[in-house]
Every structure is written in C-alpha cells, then in structure tokens.
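Student: Quick one: structure below, then a few questions.
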C-alpha cells in the first residue's frame, strides 16, 4: 500500500518525526528527498533565493516550466523536526524547524526569509576582501534598481550606492538552489560537529 501512495507523498503516515536527540541516540542516517539531492528524474527544482520564486522543469521537457507541486513532501526519510543548512558561499547557518516534519516548502521559505530579510553586519562585511566588497555593492545596487535598469531616470539621477546589504547580496550571482548534500568534514570545520541532519547547500548562477 505504501508503494502505491508514493514514498515521498505528503502526510503523516510514515512513522514518528525524529528529534535532534533521537538522531543522536539512534544514529539514524537520513535519506534526502531526490528533489533536494538533485537526483529526481522527473523534477528539477528552480528556486531563486533573491526573489523567493520556486518552480521547476522536467529533463525531458526543458522548454516549459512545471509548478512546484511537491512542496509539501518531506525533506528527509525518516522525517525530522529540524534541519541545519550551511553553505560554502556564506558564513551563516540556517535552522529549519517543523514539529510535523520539515518539508521542501519549509526549506525554501526559511532560506529565502533568512537571506532576503536579514542584513549583513558591518563586521561581517569588513571581513570580505576589498574586491569582494565591491562586487557585493554592485549586486546590491543592481537588485535595488530592479536588475540595474532604472529606465530613463538613470540618465538624470545617478544611482545611490547602498550602505546596507542583505545576505543574498553576499551570494552575488549564486542565488539559485542547486542541491543539498552531506559533507561531514566541512560541517565539523564550520560548526565543530557533524550530524545526520546537517546538509550543505550548493548554489548556482542560472
């Protein structure tokens, strides 16, 4: 019966939702949803961290977009109430929680919220080399101007360089979700520990 429902179908019929403590005590390995691992043959997720837009396409029909109907599917199997996401492209850690089990939508929503609403601190910005600081400024200015356009007004009023930057500006051109994966060595270097529910986010610029 479970096979006819679908392994990753939304719902609560898949046993208990594991807590962080459960994971440590049981030593459970988590299987990542194929959409998050970028191994699905039927759906390639397109998620823009700058705009929050989600969609997708099928490898066999790249000429048309497919709606993100799988957003309520569980992120992992077994389901967990907390996921921790880090990335090699930024210094921040995103914690995603859902007592009913973290879903694909939870991940997209929280990543967008953290990177679009939270600002880079002055200390964080100063840690960047001058060349990267200038790139972040350019991307922030472009985003503020709707992609660097500005229409006829740009000829009359020079753009004002932003003095505050969103976390998504730090990512510069890499604002598209690529995949999640386990990298225990990197997790230990970043956080001081590794766990089955810590995943590394890969990003792309298309």
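In my numbering, the protein residues as written are 51 to 256. Heads up, the beta-carbon is just placed ideally off N, CA and C, and yes, glycines get one too.
1. From residue 139 to residue 221, what distance separates their C-alpha atoms?
2. Rounding to the nearest angstrom, what Cα-Cα distance links residue 83 and residue 127 in this structure?
3. Which residue marks the beginning of the alpha helix (DSSP H) containing residue 174, and which one marks its end?
4. Does the distance from the C-beta atom of residue 170 to that of residue 217 stay below 9 Å?
5. Can you list, in chain order, the residues of its chain whose CB lies under 8 Å from that of residue 87, leaving out five sequence neighbours each side?
6. What residues in its chain sit with their C-beta under 8 Å from that of residue 226, if we drop five residues either side in the sequence?
7. Just to confirm my understanding: we take residue 79, look at its own chain, exclude 5 residues before and 5 after, and list those with CB closer than 8 Å. What are they?
8. Would residue 65 and residue 129 be called neighbours here (beta carbons separated by less than 9 Å)?
9. In angstroms, rounded to a whole number, what distance separates the CA positions of residue 164 and residue 123?
10. Assuming contact is defined by CB atoms lying nearer than 9 Å, are residue 157 and residue 120 in contact in what I supplied?
11. By the 10 Å Cβ neighbour count, where 16 or more other Cβ atoms means buried, how is residue 131 classified, buried or exposed?
12. Please report the distance separating the alpha-carbon of residue 76 from that of residue 187.
13. Quick one: grab the DSSP three-state call for residue 89.
Tutor: Looking at the atomic coordinates:
1. C-alpha separation (whole angstroms): 6 Å.
2. In this structure, the alpha-carbon of residue 83 lies about 7 Å from that of residue 127.
3. Run containing residue 174: 172 to 176, per the alpha helix (DSSP H) assignment.
4. Yes; because the gap between Cβ atoms is below 9 Å, this pair is in contact.
5. Result list for residue 87: 229, 230, 231, in chain order.
6. Closer than 8 Å at the Cβ level, and outside the excluded window around residue 226, lie 96, 97, 98, 99, 253, 254, 255, 256.
7. Scanning its chain for C-beta atoms nearer than 8 Å, with the 5 sequence neighbours on each side dropped, one finds around residue 79 the residues 246, in chain order.
8. Yes, they are a contact pair.
9. The C-alpha of residue 164 lies about 21 Å from the C-alpha of residue 123.
10. No Cβ-Cβ contact shorter than 9 Å links residue 157 with residue 120.
11. It counts as buried.
12. Between residue 76 and residue 187, the C-alpha separation is close to 46 Å.
13. Coil.
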